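Its first residue numbered 697, the sequence shown is counted upward by one per residue in this note's numbering. For glycine and all other residues, C-beta sits at the position ideal for the given N, C-alpha and C. Quick caveat: nothing in here was measured; it's all calculated off a predicted structure. The block underneath contains the structure these notes are about, expressed in structure tokens.
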Amino acid sequence: MQKFTQLTAVAAPMDASNIDTDQIIPKQFLLAVDRKGFGKHLFHTWRYLDEAETMPNPDFVLNKPCYQNAKFIVARHNFGNGSSREHAPWALLDFGIRAIIASSFADIFSNNSLGNGLLLVRLTEDEIEEIMQALKTNPGMQISVDLENCCVKVNEKTYSFSLDPFRRHCILEGLDAISLTLEHEDAISAYEAKRPDWIKKGVGI
């Protein structure tokens with residue numbers, strides 16, 4: 697999992713509420729269990745005018761030239777509602793999105809995202825409105841997201857946010873569930889070494 701500490705990059709204003717996981721990555725693309733390769737299908741219905749994905753929709757925010765290299769998405773409330781598919785954060789990360797800034801997130805999407813290293817920044821609706829207007833006034837503007845100090849900087853203004861300490865530690869250090877387990881590899885090996893030989897060999901199982 698890629699570490700996230702501080703990043704200054706372009707933020708794309710996605711001025712909508714209730715953006716669900718089927719919009720993020722439609723069900724017809726959930727054919728693989730590898731985390732890679734889903735980015736090309738991100739927001740399929742909105743990004744393309746055809747099913748073959750050969751005709752980009754010029755009106756969709758992420759297709760506009762000034763947002764081609766966006767690393768942040770700013771949206772309204774209840775981002776990621778809908779089905780529990782973990783492919784949604786996989787698609788966002790594979791596309792290059794490192795953080796979503798919104799006023800609220802669906803619970804399952806939140807757990808899936810934070811577990812995969814996609815930072816979710818929760819701000820108030822008024823703060824989201826201020827940031828949204830700033831981004832619309834200055835298309836392609838960069839903002840800074842600082843997880844070490846838990847703040848977002850837009851122009852000269854700073855917005856503070858909070859994150860569960862455990863989740864914050866994992867994202868700062870780039871630790872997913874497997875990495876956390878491997879931190880105890882010596883203890884696991886020591887425990888396995890003490891097991892009787894018949895268990896190690898699977899006798900009687």
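- Query: What residue range is occupied by the uninterrupted beta strand (DSSP E) comprising F739?
  - Reply: Here residue 739 refers to the residue found at position 43 of the sequence shown. That residue, F739, is in no beta strand (DSSP E); it is neither H nor E in DSSP.
- Message: Taking 8 Å as the threshold (C-beta atoms), are I824 and R772 in contact?
- Response: Against the sequence shown, residue 772 aligns to sequence position 76. Against the sequence shown, residue 824 aligns to sequence position 128. Their beta carbons are under 8 Å apart, which means R772 touches I824 by this criterion.
- Query: Among the residues of its own chain, which have a CB less than 7 Å from the CB of Y763, if the five just before and after it don't count?
  - Reply: Sequence index remark: in the sequence shown, residue 763 carries index 67 (1-based). Closer than 7 Å at Cβ, skipping near neighbours: V706, A708, V757, G836.
- Thinking C-alpha only, which one of K760, A830, S858, L843 is nearest V850? In the sequence shown, the residue the question calls residue 850 occupies position 154. That would be A830, whose Cα lies nearest to the Cα of V850.
- Task: Could you please give me the residues that DSSP links to V817 through a beta bridge?
- Result: To locate residue 817, count along the sequence shown from 1; it is residue 121. In the DSSP output, where bridge partners are listed per residue, V817 has I797.
- Whether L819 touches F857 by CB criterion (8 Å): As a working mapping, residue 819 is identified with position 123 in the sequence shown. As a working mapping, residue 857 is identified with position 161 in the sequence shown. Contact: yes.
- Alpha-carbon spacing of A787 relative to H865, whole angstroms: Walking along the sequence shown from the start, residue 787 turns up at place 91. Walking along the sequence shown from the start, residue 865 turns up at place 169. Approximately 23 Å, taken between the alpha carbons.
- Among E749, R794, N759, which residue has its Cα nearest to the Cα of I839? Here residue 839 refers to the residue found at position 143 when the sequence shown is read from its first residue. Selected option, being the one with the closest Cα: R794.
- Message: So, under 8 Å CB-CB, D872 and M697 are touching, yes? Tell me the CB distance rounded to an integer number of Å.
- Response: Translated into positions along the sequence shown, residue 872 becomes position 176. Translated into positions along the sequence shown, residue 697 becomes position 1. Contact flag correct, Cβ pair sits at about 4 Å.
- Task: Give the secondary structure of S779 by DSSP, where H, G and I count as helix, E and B as strand, and everything else as coil.
- Result: Within the sequence shown, the letter at position 83 stands for residue 779. Of the three classes helix, strand and coil, the one that applies to S779 here is coil, per DSSP.
- Which whole runs of the alpha helix (DSSP H) in the segment 699–741 are 4 residues long or more, in chain order? 717–720
- Would you mind stating whether Q702 and L843 have Cβ atoms separated by less than 8 Å? Within the sequence shown, residue 702 is the residue found at index 6, counting from 1. Within the sequence shown, residue 843 is the residue found at index 147, counting from 1. Their beta carbons are under 8 Å apart, which means Q702 touches L843 by this criterion.
- Item | DSSP bridge partner residues for K849 (one or two, in chain order) | Looking up residue 849 in the sequence shown gives position 153. Answer by DSSP bridge pairing, in chain order: S840, T854.
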